[in-house]
Structure formats: C-alpha cells, structure tokens
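Chains as they are written, first to last, in numbering that gives the first Met the number 0: chain A, 0 to 326; chain B, 0 to 350. Quick reminder that beta carbons are idealized off the backbone N, C-alpha and C, glycines included. These figures come from a predicted structure and were not determined experimentally. Structure record follows, encoded as structure tokens.
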Amino acid sequence: MPARAHVAELAPSLRPLRILWDRLRRGDEIAHVVTLIFASTVVGITALLVYQLWIQSALSRQKFGWAFFATRVWDPVAGQFGALPFLYGTLLTSAIALLLAVPLGLGTAIFLSEFPLARFSDAFAFLVDLLAAVPSVIYGLLGIFVLAPWLRVSVEPVLSSRLGFLPLFRGPAFGVGFLAAGLILAVMVVPFIVSVSREVLISVPREQREAALAVGATRWEMISRVVVPFAKTGIIGSVFLALARALGETMAVTMVIGNDPKISASLFAPGYSIAAVIANEFTEATGNLYLSALIELGLVLFLVTFVLNGLARLLVLATAQRGSIQG
Amino acid sequence: MKKIAGQNWAILAVLVAGLFLVSCSHNAGTTTGSQTVLINGAGSTFGYPIYSRWADDFHKLHPNVEINYQSVGSGAGIRQLLAGTVDFGASDAPMTDAQLAQSKSPVLHFPTVLGAVVPTYNIPGISAELKFTSQALAGVFLGKITKWNDPAIARANSGLKLPSATIVVIHRSDGSGTSFIWTDYLSKVSVDWKNTVGSGTSVNWPVGLGGKGSEGVTGLIQQTPNSIGYVELTYAIQNHILFGALQNSSGEFVKASLESVTAAAASAADSMPKDFRVSITNAPGKDAYPIASFTWLLVPTTIPDVAKRDDIKKFLHWMLAEGQNDAEPLAYAKLPTDVTAKEDASISEIH
Chain A
0 MPARAHVAEL APSLRPLRIL WDRLRRGDEI AHVVTLIFAS TVVGITALLV
50 YQLWIQSALS RQKFGWAFFA TRVWDPVAGQ FGALPFLYGT LLTSAIALLL
100 AVPLGLGTAI FLSEFPLARF SDAFAFLVDL LAAVPSVIYG LLGIFVLAPW
150 LRVSVEPVLS SRLGFLPLFR GPAFGVGFLA AGLILAVMVV PFIVSVSREV
200 LISVPREQRE AALAVGATRW EMISRVVVPF AKTGIIGSVF LALARALGET
250 MAVTMVIGND PKISASLFAP GYSIAAVIAN EFTEATGNLY LSALIELGLV
300 LFLVTFVLNG LARLLVLATA QRGSIQG
Chain B
0 MKKIAGQNWA ILAVLVAGLF LVSCSHNAGT TTGSQTVLIN GAGSTFGYPI
50 YSRWADDFHK LHPNVEINYQ SVGSGAGIRQ LLAGTVDFGA SDAPMTDAQL
100 AQSKSPVLHF PTVLGAVVPT YNIPGISAEL KFTSQALAGV FLGKITKWND
150 PAIARANSGL KLPSATIVVI HRSDGSGTSF IWTDYLSKVS VDWKNTVGSG
200 TSVNWPVGLG GKGSEGVTGL IQQTPNSIGY VELTYAIQNH ILFGALQNSS
250 GEFVKASLES VTAAAASAAD SMPKDFRVSI TNAPGKDAYP IASFTWLLVP
300 TTIPDVAKRD DIKKFLHWML AEGQNDAEPL AYAKLPTDVT AKEDASISEI
350 H
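Now the structure itself:
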C-alpha cells in the first residue's frame, strides 16, 4: 500500500516505470521472466527439431508425398522408400509392450502403494527403478542370448500348437521378431508405469480411503472404486510416458526385432521399427534422397508420438469430465 | 540482496569457465605456435583399427603431427569430406561419380589395405568347412535355395551329410561396407541378384533376418540352428569363427586368408584404373579369393595449408611403405607391391 501512495505522487509519465520497478523488486516479475525463458527454450527446441526434420526431408517429401506412408518397399539401391513396414513394426511392438506392461505395472504399483510396510515398499520401488537405469544395449544382449533362444525353443512352438488357429501365432519360430521386441520393451517400460503410478496412488488423500472404509467397503473395493479412479489421470499419464519410451526405443529393439521390413500378421515373424532403421542405416546412407527418406522417417516417428499424445490428452479430458458428472 | 549478489558470482564463474573451455578447444582445433599439425579424418569403421595404429606410429616418428581419425562409417566420412569438415575421408566403397561431382576439389582414392568377407554358418552336427559355389550362395541369399541338402550345395560337399533343414539367412541390418562387398560379389556372379537386388551398403534383402554389426550377425548365427550369414575375414579370424571356402572365377575352391586376398588384388592390379576406384570381387587368378575389396582413403587434390599438405603426403608415402607391415598383425591383407607403386606415384597429384 505505501508503494501505491508513493507512485501516485510521481509525474504521470514516470508512473509505469515506477510500477515496473516495484514489481521487479518484489521478485515476481523476475521469476516470471526467468521461467518464461526456460519454458520457451524447451518449446523452441521442439519447434527447431520439427523445423529441421521438415527442411531436411524436403527431397523425400516432394518425391513420394503421402504415398510414403502407404509404400511397403524400402530399397536403397533402387531409391524406393516407404514407411509402412516400419510404422507397422513400431506400433505393433509398442502395443505388445503396453498390453503386457500395463497390467503388470499397475498391479505392482497398487501392491506397493497399499502395502502396509512403507520401508518394504520403498525398497521394492527402488529395485523397480533400477530396471529403468539398465542401459538398453544390455536389454538387447539379454534379448539375443537369453530371450530369443527361449522363445524359439520353448514358447513359440507351444503357442503355435495351442493357438495356431490364430494368424498371430503361425509361421516358423526364429526367436527374434515382433514378439521378442514387444517382450523386451514391456520389461523396459514397466518401471515407468510402476514408479509414476505408485506416487500417484500414494498421494490419494487419506480421507478418501477412510470414507470408503467407513461406508463398509472392503479393502479391494476401496482400491478399485475409490483409490484407482481418483488417480486415473496420473495412471494414464504414466502409461503414455511408457508408450513414448516404447515408440522411440532403438538399440534393444534393433537387436531382437529381426530387422526385416516386412508386414506379417504373425508375431513370430521378423519386422522392423522406425527408430531401428534410422539407427542402422543413417551412418552409411549415401545419396541425398536416401538420407532425406531416413529423416522423413524421423518426422513420421515424431508425428506418431504427437498424435498418440494428443489422443492421450483427449482421453484424460473425457474421463475427467465423466468423473465430475458422476461426482 | 546478498543472495542475488551470490548468484551473480555464480553466473560470472560459469561464464569464465565457458570462455576458458571455448578458448581451449579453439587452440586444439588449429595449428598453434609450436608448428603442431592436426590432421582430421573420418569414415570407415572397418579401417579404424589400422588407421588409429598408423596415427600412433606416425605420431611417434613425427611428434609434431597428430592424426585424429573418427570411425563414423564410410557414408558419414564421405559426407564430412564433401562438407569440408575433415582433411581426409575413408570409405569401404569408392565414391560414386555423383558424389565426386559434388566435391569442390577433385578427390583422390588411395587403397590402404584389403578386406574380405566370408560365409559363416551354424548347422548342428557339421563342424567341417563347407564349400560354396557362387550359384549356391546367390541362390541361398535370393531365397531360391531353401534347404541345406539342396543339390546346388550338396554337390560341392560330397563327403558331408547335410540336413534337409530350412536355411535361415542372416545379413547385416546396419549399412556397412561388408554388405557392399558381399552384394557387389553376388551382383557379379548372378544376373538375378543384379536385377532384383543390386549392390549397396544397405539393400532390399529378399529373405532373412538382420543383425546389427558383425557381433549382431555372429550372435544371431550362433543362436539360430541352420543359419548362414557373412562377416569380415578380420572379424572371423579374431573371433575364431568357422567359415567356408568359395569357388573363384577359375573354378578353384579358395578359403579366405590374408594371402589369398592379397592374391586377388595382385591379379586385378594389371587392369587397375588410374583413379583406383575398382571392385576386385570375383577377381581372376587361381589363388584369388573372390569376395575381397580395397578400402580407401579419400584425399582432396587441393590442400591450401602447406604444412598440412606436406604432412599428409608424408603420411601417404609412409603408409604405403612401412605402414603396410602393420596390416597382417591386425588381420588385414596388405596391398600387393604393384598397387603401392602406382599409388605412390599419384601422391604427387596433391598440391
């Protein structure tokens, strides 16, 4: 208040300056500007990334147009490039990974957040976090030398004899392929789901739980009807963090996916992913069109992540609204 | 206020440290007062072990010359050379005419050592060295020969009982000079291959699984019964990997060895073009191993910096003479003397 009075005494022309100075002195303005700079830097980097991908892929975009998304051929010798097999491989392996990792991760998170011994829960969560710190090349090596032989000898023959009527489980078992890549990805993304979901579940207010128990809910009813719905937004967020990781994973996937740009219904068949082909072919890509096509694949991967993230936001919005109507 | 002052000091300290780092890296990038010459090269990963050995040895002989070689891959090496960010490039495949046309000054190719690619396989119960005809190999990689006991394979291996198992083809998934040499050979021996696949560091493989790097291919072969793939001779020798013999253009079955690779280069030396851009796969000669290739240093003809130019020329002369002795201990085949003599003469084109 004294500052206001002080301002009023000044000449009218100097008043805005004085106000600015006062606001600066209080620190709000500085904090505002500094955080604005940081935030716009992050947005700027993303924009620059897209801009560069867009510019550098010009040659390929002009030559192939939208057909790039529908072409199955990837032939560097003939200069024919299409993204479809890579798009398919990326989406399929990520879908397998989420299908396995979401129940596993969510179950673990619920157990850890509701388990009475906090110390045990923390130690367990620490171990799960360690999974996220393992370098992806290690996962890839385990994939080649442990997972793939096990799939080829023990899992895939059983699956094809029991469930062979489904096209998903037909064909020769190589060990490496969509299934191996999906399994490795599932293990890699589980810690993201567990870690984030556990924090969200723990932060559900005590009153909510107590209220549920007070009206006679069992422990499981409390968890499934009160705690999980309350934390839904955060849990969906963790799933999409995991999805983003799965879509972009390079090293482990290329080591176990088989690296064959074909579209097969069978999960045993070898395939390819966008990130894997970029990593494999970028260093030796000679010729401008070839390079440009690889960069356009990067743009496609960005687009896929962008679209899926957008869908996630819509899903969160939709469920949040429904929640409020019920409430 | 005190706190803010403290922050200012921190910012100042960061700035000073940054400036210090910038000035340091600036010094390293140019020739400093004590006439240290820094030569930057980049390219082929295949040549990396011997190029870094040469850089060390040459530095010991000429302490003022430092050669810094980055193994970024042949394609990236060519791109960096064209962009002018390195003094020389290195590649497992010669530059194409289109690439040469992009260069500001003409680029010379200097073969440095030889590499070869060998077929390797994993057939349960067979530990003998298989013999492959060119038609058998092309048929397998085209997906037309699908069983190990196919007559095309069995005929050349009459003493062995090959299983009727399905062949699993394994190739490199990363773009590599190894794949280039392999597909270059298949293009020469099979019209079918040439028309449907062709040659390149990455191709549209008709069949098979891809492994990343030599270690990825070897890993997949070890894990997959009845598989066949290919690796560099160097890699096979160093890791004691079983590999087969190939029928050369004279009809002889030759197992890859440092000598049979040098023999392939010697038999191709007579028809060597002036710019050394030559493929020596399927070379003539009884002792020649058919899937061999030079690997090249790419040097621009115009180097404006006099000190740098003289040292690069000195290095090339040394590499073709004493440097060749480093080849065999590192499992590379050395150049035949006909070739080194011709190369030595072309060093004078750098000005």
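Query	Result
Does chain B have any CB closer than 7 Å to the CB of T217/A?	no
Which of the residues in the segment 250 to 271 of chain A, read from start to end, lie with their CB under 9 Å from any CB of chain B?	M250, T253, M254, I256, G257, N258, D259, P260, P269, Y271
Of all the options P93/B, I77/B, R52/B, V112/B, which has the alpha carbon lying nearest to the alpha carbon of P335/B?	V112/B
Quick one: using the 10 Å Cβ neighbour count with 16 as the cut-off for buried, is N324/B buried or exposed?	exposed
Less than 7 Å between the C-beta atoms of I125/B and Q98/B, yes or no?	no
Taking C-alpha atoms, which residue in G174/A, A251/A, P190/A lies nearest to I183/A?	A251/A
Can you tell which of E65/B, D96/B, V106/B has its C-alpha closest to the C-alpha of G83/B?	V106/B
Scan the segment 49 to 121 of chain B and note each continuous alpha helix (DSSP H) run of 4 residues or more that stays entirely inside, going in chain order.	73 to 82, 96 to 101
Looking at the structure shown, is V152/A part of a helix, part of a strand, or coil, going by DSSP?	helix
Report yes if the CB atom of A69/A is closer than 7 Å to the CB atom of L58/A, and no otherwise.	no
Counting along the chain, where does the beta strand (DSSP E) carrying E199/B start and finish?	The sequence as given places Gly at residue 199/B; Glu does not occur at that position. Looking at the DSSP string, G199/B is not in any beta strand (DSSP E), and its letter there is neither H nor E.
Once DSSP output is grouped into helix, strand and coil, what is the label at T29/B?	Bear in mind that the predicted position of T29/B carries a pLDDT of just 44, short of 50, making it too unreliable to give a figure here.
Run through the DSSP bridge pairs and tell me what H170/B is partnered with.	G209/B
Is there a Cβ from chain B that is less than 7 Å from the Cβ of P84/A?	no
Along the alpha helix (DSSP H) that carries Q55/A, what are the first and last residues, could you check?	27 to 55
Roughly how many angstroms lie between the CA atoms of E198/A and A89/B, to the nearest whole one?	52 Å
Counting only beta-carbon atoms, is D27/A nearer than 7 Å to chain B?	no
Does the Cβ-Cβ distance between L167/A and L99/A come in under 7 Å?	no
Roughly how far, in whole angstroms, is the beta-carbon of T200/B from the beta-carbon of G176/B, given that I think they are within contact range, below 8 Å?	7 Å
Look at the alpha carbon of F19/B and the alpha carbon of A306/B, and state the distance between them as a whole number of angstroms.	With a pLDDT of 48 at F19/B, under the threshold of 50, the modelled position of that residue is not reliable, and the figure given next carries that caveat. In a straight line, the C-alpha of F19/B is about 28 Å away from that of A306/B.
List, in order along the chain, the chain B residues whose C-beta lies closer than 9 Å to that of W336/A?	Residue 336/A is absent from the structure shown; chain A starts at 0 and stops at 326.
Keeping to the same chain, check which residues put their C-beta closer than 7 Å to that of G326/A; ignore five residues upstream and five downstream.	Only weak support exists for where G326/A lies, its pLDDT of 35 falling under 50; the value from the coordinates is given anyway. For G326/A, where only same-chain residues beyond five positions count, there are no Cβ hits under 7 Å.
Say whether the segment 70 to 90 of chain A touches the segment 160 to 174 of chain A, bearing in mind that this needs 3 or more beta-carbon pairs closer than 8 Å, one atom from each stretch.	no
Output, in sequence order along the chain, the residues in the segment 72 to 83 of chain A whose CB is closer than 9 Å to any CB in chain B.	V72, W73, D74, P75, V76, A77, Q79
Could you check the C-alpha separation between V186/A and A96/A for me, to the nearest Å?	8 Å
If I measure Cβ to Cβ from T339/B and keep anything under 6 Å in the same chain, skipping five residues before and after, which residues do I get?	L319
Since I believe V230/B is in contact with A115/B (beta carbons under 8 Å), could you give me their beta-carbon distance rounded to a whole number of angstroms?	So it is not a contact: roughly 10 Å between Cβ atoms.
What residues in the segment 184 to 217 of chain A have a beta carbon less than 9 Å from any beta carbon of chain B?	none
Check whether the segment 298 to 307 of chain A touches the segment 228 to 246 of chain A, taking contact to mean three or more Cβ pairs, one atom from each stretch, closer than 8 Å.	yes
Tell me whether the segment 155 to 168 of chain B and the segment 131 to 140 of chain B touch, counting them as touching only if at least three CB pairs, one residue from each stretch, are closer than 8 Å.	yes
Hey, could you find the ends of the beta strand (DSSP E) V230/B is sitting in?	226 to 231
Which residues, in order along the segment 127 to 149 of chain A, keep a beta-carbon less than 9 Å from a beta-carbon of chain B?	G139, L140, I143, F144, A147, P148
What residue does the beta strand (DSSP E) around W38/B start on, and which one ends it?	For the sequence presented, residue 38/B should be read as Ile rather than Trp. Counting along the chain, the beta strand (DSSP E) containing I38/B begins and ends at 36 to 42.
Looking at the C-beta of T282/A, does it have a partner C-beta in chain B at a distance below 7 Å?	yes
I'd like to know whether the C-beta atoms of F131/B and L245/B end up nearer to each other than 7 Å.	yes
Would N287/A count as contacting chain B if we go by Cβ distances under 7 Å?	no
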